[in-house]
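Chemist: The opening position of the sequence shown corresponds to residue 399 in this note's numbering, with each subsequent residue numbered one higher.
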Amino acid sequence: MKPRILISWQHFDKLLNLEFRLKNLGRSSCRIFCCTWTIVLDRYKGRCYRIELVPGEGNQFIAYVAYPLDLFEEGSVTNMFTSIVGNVFGFKALRALRLEDLRIPTAYVKTFQGPPHGIQVERDKLNKYGRPLLGCTIKPKLGLSAKNYGRAVYECLRGGLDFTKDDDNVNSNHLRFGETTSYVVPKLFIKHKLIQVKLKGIT
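1. Quick one: what does DSSP say residue 511 is sitting in, helix, strand or coil?
2. What is the DSSP secondary structure of residue 499, reduced to helix, strand or coil?
3. Alpha carbon to alpha carbon, how far is residue 522 from residue 455?
4. Could you check if residue 594 is buried or exposed, using at least 16 other CB atoms within 10 Å of its CB as the buried criterion?
5. In terms of residues, what are the limits of the alpha helix (DSSP H) holding residue 470?
6. Please check the pair residue 467 and residue 506, which I expect to be a contact at CB under 8 Å, by giving their CB distance rounded to whole angstroms.
7. Is the Cβ-Cβ distance between residue 495 and residue 483 less than 8 Å?
8. Please state the DSSP three-state secondary structure of residue 434.
9. Could you please give the first and the last residue of the uninterrupted beta strand (DSSP E) stretch that includes residue 460?
10. Tell me which residue opens and which closes the beta strand (DSSP E) that residue 563 is part of.
11. Quick one: Cα of residue 542 to Cα of residue 552, how far?
12. Between the alpha carbons of residue 599 and residue 480, how many angstroms are there, rounded?
13. Look at residue 405 and residue 463 and say whether their C-beta atoms are less than 8 Å apart.
14. By the 10 Å Cβ neighbour count, where 16 or more other Cβ atoms means buried, how is residue 510 classified, buried or exposed?
15. Would you identify the three-state DSSP class for residue 450, choosing helix, strand or coil?
16. Out of 401, 460, 447 and 446, state which residue places its alpha-carbon closest to the alpha-carbon of residue 408.
17. Assign residue 504 to buried or exposed, taking buried as 16 or more other Cβ atoms, counted over all protein chains shown, within 10 Å of its Cβ.
Take a look at the structure:
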């Protein structure tokens with residue numbers, strides 16, 4: 399079996415049936431992207447491999463879920479926790495939920511080399527000092543062509559933002575971020591040379 403990130407969740411809600419709650423754990427793997435091709439669903443979906451009732455609590459149980467590493471960008475804490483924590487806790491139909499345990503395989507831990515530099519280097523690159531940096535996430539998270547993505551980035555920076563970024567769920571493993579930026583970055587500098595461009599993965 400391939401290495402996987404293992405999570406255990408404790409549910410506290412007797413109003414929702416078990417099947418409903420387990421299905422919605424899928425929000426942390428495939429369902430957040432609205433649609434997933436069936437030919438790749440088995441590769442990317444999270445799997446609930448065990449369920450245990452909490453002793454003495456009739457309306458509580460612990461669900462153990464395994465997530466394939468292909469879902470996560472190497473070395474990105476933000477991407478990992480947005481997928482397995484942020485999306486699940488943001489689901490309003492779950493009245494109460496607690497993250498009990500998180501186990502990360504060694505293969506994934508080794509991809510975390512620490513930050514390449516600190517906030518001062520970021521400020522030097524952007525030439526912005528004495529105030530918070532202001533940025534935004536480009537939406538929709540999927541589906542924009544390189545041209546339309548570039549237009550959205552340009553309008554954000556022209557409007558006064560310091561940087562733009564991809565959604566935290568979007569990772570560089572399979573979404574070809576480099577192909578998009580190879581089109582976007584030159585166009586931005588040609589149209590407006592004074593804009594300081596800050597894109598993930600661009601130095």
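Glycine included, each C-beta is placed from N, C-alpha and C at the ideal position.
Given the structure is predicted, the values throughout are model-derived calculations rather than measurements.
Modeler: By the coordinates alone:
1. coil
2. strand
3. 55 Å
4. With a pLDDT of 49 at residue 594, under the threshold of 50, the predicted position of this residue should be treated as unreliable, though the coordinate-derived value follows. Exposed, because fewer than 16 other Cβ atoms sit within 10 Å of the Cβ of residue 594.
5. Residue 470 -> no alpha helix (DSSP H), and no H or E assigned at all.
6. The pair is a contact, with the Cβ atoms about 6 Å apart (cut-off 8 Å).
7. Not closer than 8 Å, so no.
8. With a pLDDT of only 45 at residue 434, under the threshold of 50, the placement of this residue in the model should not be trusted; the figure read from the coordinates follows. Residue 434: coil per DSSP, three-state reduction.
9. Residue 460 -> beta strand (DSSP E) spans 458–466.
10. 561–563
11. 14 Å
12. For residue 599, the predicted model reports a pLDDT of 46, less than 50, meaning its position is unreliable; a value from the coordinates is still stated below. Each residue's Cα considered, the two are about 19 Å apart.
13. yes
14. exposed
15. The answer is strand: DSSP assigns residue 450 an E or B state.
16. 460
17. exposed
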